[in-house]
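Everything in the sequence shown is counted per the numbering used here, starting at 272 for the first residue and increasing by one. From the three backbone atoms N, C-alpha and C, an ideal C-beta is built for every residue, glycine too. As the structure is a prediction and not an experimental result, all values here were calculated from the model. Report on the structure given below.
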Amino acid sequence: MSYFNIDAVKAQTFDAIVVGTGISGGWAAKELTEKGLKTLVLERGRDVKHIVDYPTTNMMPWEFEHRGLPPLAVREASPMASKHYIFREDAMHFVVKDYEHPYVQDQPFSWMRGYQVGGRSLLWARQTQRWSDYDFEGPARDGFATDWPIRYKDIAPWYSYVEKFAGISGNRDGLPQLPDGEFLPPHDMSCVEKHFSDQTAKNYKGSRPVIIGRAAHITDPQPIHTQQGRAKCQHRNMCQRGCPFGGYFSTNAATLPWAEKTGNLTLRPHSVVHSVIYDEKKKRATGVRLVDAHTKEMTEYYAKIIFINASAINSNLILLNSKSTRFPNGLGNDSGVLGKFIGFHNYRGRVQADFDGFHDRTTDGRRPNGAYIPRFRNVFKQETDFLRGYATSFTASKVGNTGDGLGDSLKASLFAPDESGWSLGAQMMGEVLMKETNFIKLHENLKDDWGIPQLRMNVSFDDNDMKMVKDFYTELSEMLDKAGFKNIKTSDTHRNPGSENHEMGGARMGKDGKTSILNQWNQMHQVPNVFVTDGACMTSASTQNPSLTYMALTARAADFAVKEMRKGNI
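What follows is the structure, encoded as structure tokens:
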């Protein structure tokens, strides 16, 4: 029996364990396996194979039983998830149902989750912007929260590294607050978007650049993309269904297949990670405990290096639940900040406007991207009564003929000269300050079906957020008015925190283990063989979409971890 036990432990021992298969988990798997480490990758949900498991990817609108809109009973059963734009018949099979995975909301929090191999990399909006030093220096400049332990120069080469592999379309705009990257050809603006860009450049003397967005779509496949088996984006705008062409970047299309080719990958779906195992004698983590999603049996797996990439909130949950005599309040939580300083992005503000012009022009095809206004408030100096700022994404499209009538009258309507104007819709993406009062914690009594404590959410907007929304209304309305737009209207979506996926923080990076969980390498201050490189690691939220930064931080941390392991330091 003793020999059997030794063999069993050996079979469950790897060089590295990665928890989660979303954008950052996929990158951890790719980097660690490429560097020769036998790597176990754990996913709590089912397996999803690229192309094979995209059941709706080629369906026509009339093939959906309810024409795309989930029935009322389905929406009522998932009141939080169903508020999200992804929750439709073509993609809701990739979205967690609220009643299957409950959590407690001390403050309203719309937690949208994707529990399957690939996670939300199948569902993300694919917008990718680098951070600049204005973002990394934000906390130090305004004294709010704690200083980042890195600056742009530390991560810049890793941005380039991941951009080349992922495939990012964009234009080299030369903006100090939005550094250029390794870009494939950009998408085009519509004529009205270009008009707005030109007029804004004149009216604000270049201080408020309006550019085409940067997106993880292949517009000109390079050898690295064809080696992945990925092709040019077909501009179908059905990305949330899973792309059979691999036109946009996802774990399923890119990083996991790449890791699998190394022969060093072991993927285990249906594995709900319970906690990290900490050995108090060795003063290091030795593995993880997981619960089989079906049998509910608990198993332990062991490794020298552990990467936690379960997505920000779940990574916090795992660490908070990883209790021991040494860490009674959660793994590596000597500082007491684990689960605190949660951030997200504020998308509440909307502005709409009409443009009467360019009647002889229209849009052609489907563009998986929009135009973008990088943050222009409080970038170079503090100039408002709120901290940080917001970015803006928008699209302008032809209103088009209505197609009224039947038969001959319908044909005549469709072929009549299109005298309609254009409509522009803009949304803000504001940086929410990471405050100690925005936190999550384990519920004292309630557990889920796998015996793991449910989470209690206490995350909300504050006065700074609402001042930012008002400023967005004022400034965007003025910009549109000066550019000749009419019927300018503002609106508030009243969306809950968390409703746009970009939850961050809780296990933040920092220079001091007394005020942070991770160091400059995404390595736990007190448990040096554990790394956290998903949204949980973020010290501040910036106004840029965060996924590209997660990718770069993950590749950088994996490189460091393997080097340190080979030196015998971890």
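Once the 5 residues before and after residue 819 are set aside, which same chain residues still bring their CB inside 6 Å of it? 399
Using DSSP's beta-bridge definition, name the partner residues of residue 729. 710
Could you tell me the distance, in whole angstroms, from the CA atom of residue 401 to the CA atom of residue 280? 42 Å
Between the Cα of residue 463 and the Cα atoms of 696, 556, 821, 354, which residue gives the shortest distance? 696
When the Cα of residue 815 is compared with those of 472, 351, 484, 455, which residue comes out closest? 484
For my contact list, residue 756 and residue 631 are in at a C-beta cut-off of 8 Å; report their separation, rounded to the angstrom. With 8 Å as the limit, residue 756 and residue 631 do not qualify as a contact, their Cβ atoms being about 19 Å apart.
Can you give me the Cβ contacts of residue 753 inside the same chain, cut-off strictly under 6 Å, excluding the 5 residues immediately before and after it? 474
Opening and closing residue of the beta strand (DSSP E) in which residue 323 lies: Unbroken run through residue 323: none, as it is neither H nor E.
Contact set for residue 273: own chain, Cβ-Cβ below 8 Å, skip 5 residues either direction: With a pLDDT of 46 at residue 273, under the threshold of 50, the modelled position of this residue cannot be trusted, and the question is left open.
Below 8 Å on the Cβ atoms is my guess for residue 593 versus residue 549; work out the distance and round it to an integer in Å. 7 Å
For the alpha helix (DSSP H) that contains residue 346, what are its first and last residues? 343-348
Proximity winner among 776, 447, 737, relative to residue 657 (alpha-carbon distances): 737
Do residue 826 and residue 586 have their C-beta atoms within less than 9 Å of each other? no
Within 10 angstroms of its Cβ, does residue 817 collect 16 or more other Cβ (buried), or is it exposed? buried
What is the rounded straight-line gap between the Cα of residue 453 and the Cα of residue 824? 17 Å
For residue 568 and residue 562, what's the separation of their Cα atoms in angstroms? 5 Å
Do you know how far the Cα of residue 288 is from the Cα of residue 447? 38 Å
Buried or exposed for residue 794, going by 16 or more other Cβ atoms inside 10 Å? buried
Quick check on the burial criterion: 16 or more other C-beta atoms within 10 angstroms. Buried or exposed for residue 758? exposed
What first and last residue would you give for the alpha helix (DSSP H) that runs through residue 529? 527-532
Note down the Cα distance separating residue 716 from residue 556, rounded to an integer number of angstroms. 27 Å
Taking residue 371 as the reference, which of 379, 350, 362 has the closest Cα? 350
Can you list, in chain order, the residues of its chain whose CB lies under 7 Å from that of residue 722, leaving out five sequence neighbours each side? 562
Classify residue 785: buried if its beta carbon has 16 or more other beta carbons within 10 angstroms, exposed otherwise. exposed
Going by the CB atoms, is the gap between residue 423 and residue 440 shorter than 9 Å? no
Report buried or exposed for residue 529, applying the criterion of at least 16 other Cβ atoms within 10 angstroms of its Cβ. buried
Cutoff 6 Å; reference residue 799; Cβ partners in own chain excluding five residues on either side: 841
Residue 617 by DSSP, collapsed to three states: which one? strand
In chain order, each alpha helix (DSSP H) run of at least 4 residues that lies wholly inside the stretch 711-796: 734-753
Could you pull out every residue in the same chain whose Cβ sits closer than 8 Å to the Cβ of residue 543, ignoring the five residues on either side in sequence? 315, 561, 562, 563, 564, 721, 723
Quick check on the DSSP output: what are the complete alpha helix (DSSP H) runs of length 4 or more inside the stretch 637-707, in order along the chain? 679-686
Taking the alpha carbon of residue 796 as the reference point, which residue from 605, 579, 417 has its own alpha carbon closest? 605
Using the Cα positions of residue 304 and residue 792, report the straight-line distance between them to the nearest angstrom. 19 Å
Assuming residue 391 and residue 293 make a contact with CB atoms under 8 Å, what is their CB distance in whole Å? 6 Å
Is residue 666 closer than 9 Å to residue 683 when the C-beta atoms are compared? no
Going by DSSP in three states, residue 467 sits in which element: helix, strand or coil? helix
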